[in-house]
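Have a look at the structure below before the remarks.
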Amino acid sequence: GAVVSQHPSRVICKSGTSVKIECRSLDFQATTMFWYRQFPKQSLMLMATSNEGSKATYEQGVEKDKFLINHASLTLSTLTVTSAHPEDSSFYICSAPDRRGASTDTQYFGPGTRLTVL
Amino acid sequence: AQSVTQPDIHITVSEGASLELRCNYSYGATPYLFWYVQSPGQGLQLLLKYFSGDTLVQGIKGFEAEFKRSQSSFNLRKPSVHWSDAAEYFCALSLKAAGNKLTFGGGTRVLVKP
Numbered sequence: 030g031a032v033v034s035q036h037p038s039r040v041i042c043k044s045g046t047s048v049k050i051e052c053r054s055l056d057f058q059a060t061t062m063f064w065y066r067q068f069p070k071q072s073l074m075l076m077a078t079s080n081e082g083s084k085a086t087y088e089q090g091v092e093k094d095k096f097l098i099n100h101a102s103l104t105l106s107t108l109t110v111t112s113a114h115p116e117d118s119s120f121y122i123c124s125a126p127d128r129r130g131a132s133t134d135t136q137y138f139g140p141g142t143r144l145t146v147l
Numbered sequence: 068a069q070s071v072t073q074p075d076i077h078i079t080v081s082e083g084a085s086l087e088l089r090c091n092y093s094y095g096a097t098p099y100l101f102w103y104v105q106s107p108g109q110g111l112q113l114l115l116k117y118f119s120g121d122t123l124v125q126g127i128k129g130f131e132a133e134f135k136r137s138q139s140s141f142n143l144r145k146p147s148v149h150w151s152d153a154a155e156y157f158c159a160l161s162l163k164a165a166g167n168k169l170t171f172g173g174g175t176r177v178l179v180k181p
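Just so you know, the sequences run in chain order G and Z.
So the mapping is simple: the numbering used here equals the position in the first sequence, first residue as 1, plus 29.
So the mapping is simple: the numbering used here equals the position in the second sequence, first residue as 1, plus 67.
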């Protein structure tokens, strides 16, 4: 199956700082990637769709100025949490659809990034 | 709008026993359906998927799922559970018309007793 990586796996930062999380498709190209947020013991909530070469599409209620998304290449999308606050502490997961062959609609997930804001 | 419901928040099963996780969806047509598993602190791993065709789908780790259009269900089963199957399981659907964005159910946490 397709492989998606995330970096870092865990980050602790002070309130007010910005944190960048990278999502990479390792063995396939992804013109679209998705960013999710997951609170403890809860399901995944889609935050935004990252589009290579164009602006990201944000879900309702997600602050685009707070969560900056850049999809600079066909294998890399970044999520920057700007001026992070404790309420931004969460598990952030990215996914990418592998459109090779017949698996055009299957998404593969990164291992996630645990963000803790002190 | 489409939705996915997993009625069971927790399920405890003995090792070696069978397991069935329920998933119901709401959508006017047949969506693409998926089951993912998440171990603690990890990302999601795809177990199996249904797009069309044979309604009984085989996946990895000995899991299978059956799509029932009449019941709008896509239940996951495993005949004999191993301790390593303890995890969180998510049912999800995607719609091609919605750019293949996934809609997740609330998840079912599976505990395996020795």
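All C-beta atoms in this analysis are idealised placements derived from N, C-alpha and C, irrespective of residue type, glycine included.
- The beta strand (DSSP E) runs of length 3 or more contained entirely in the stretch 96-141 of chain G are, from start to end of the chain, 96-102, 105-110, 119-127 and 135-138.
- Per DSSP, the unbroken beta strand (DSSP E) holding residue 117 of chain Z starts and ends at 111-117.
- DSSP, reduced to helix, strand and coil, places residue 127 of chain Z within a helical segment of the structure shown.
- The beta carbon of residue 93 of chain Z sits closer than 7 Å to those of 69, 70 and 139, all from its chain and outside the five residues before and after it, given in chain order.
- In terms of beta-carbon proximity, residue 136 of chain G lines the interface with chain Z, with at least one pair separated by less than 8 Å.
- Not one beta carbon of chain Z lies nearer than 8 Å to the beta carbon of residue 107 of chain G.
- Rounded to the nearest whole angstrom, the C-alpha separation of residue 113 of chain G and residue 80 of chain Z is 41 Å.
- Contacts with chain G (Cβ-Cβ distance below 8 Å) from the stretch 99-123 of chain Z involve 99, 101, 103, 108, 109, 110, 111, 112, 113, 116 and 118, listed in chain order.
- Among the residues facing chain G, residue 91 of chain Z is not included, as its CB has no counterpart in that chain under 8 Å away.
- Checking the DSSP bridge columns, you'll see residue 55 of chain G has no partner listed.
- The three-state reading of DSSP puts residue 135 of chain Z in strand, counting E and B together.
- If you look at residue 77 of chain Z, you'll find it in the beta strand (DSSP E) that goes 77-81.
- Relative to the Cα of residue 121 of chain G, the nearest Cα in the group G:105, G:76 and G:46 belongs to G:76.
- With respect to the C-alpha of residue 102 of chain Z, the residue from Z:171, Z:180 and Z:158 having the closest C-alpha is Z:158.
- Residue state for residue 151 of chain Z is assigned as helix, using DSSP reduced to three classes.
- Against chain Z, a Cβ distance below 8 Å from residue 144 of chain G picks out nothing, because the smallest value is about 13 Å.
- Taking C-beta atoms under 8 Å as the contact rule, residue 105 of chain G and residue 96 of chain G fail to qualify, at a distance of about 17 Å.
- At the C-beta level, residue 86 of chain Z and residue 75 of chain Z stay beyond 8 Å of one another.
- DSSP, read as helix, strand or coil, puts residue 163 of chain Z in helix.
- Under DSSP, residue 106 of chain Z shares a beta bridge with no residue.
- Shown here for residue 47 of chain G: same chain residues with a beta carbon closer than 7 Å to its own, the five before and five after excluded, namely 109, 110, 111, 112 and 113 in chain order.
- For the C-beta of residue 169 of chain Z, the chain G residues within less than 9 Å are, from N- to C-terminus, 63, 65, 73, 75, 124 and 136.
- A distance below 6 Å between beta-carbons, with the five flanking residues on each side excluded, links residue 146 of chain Z to the following residues of its chain, in chain order: 85.
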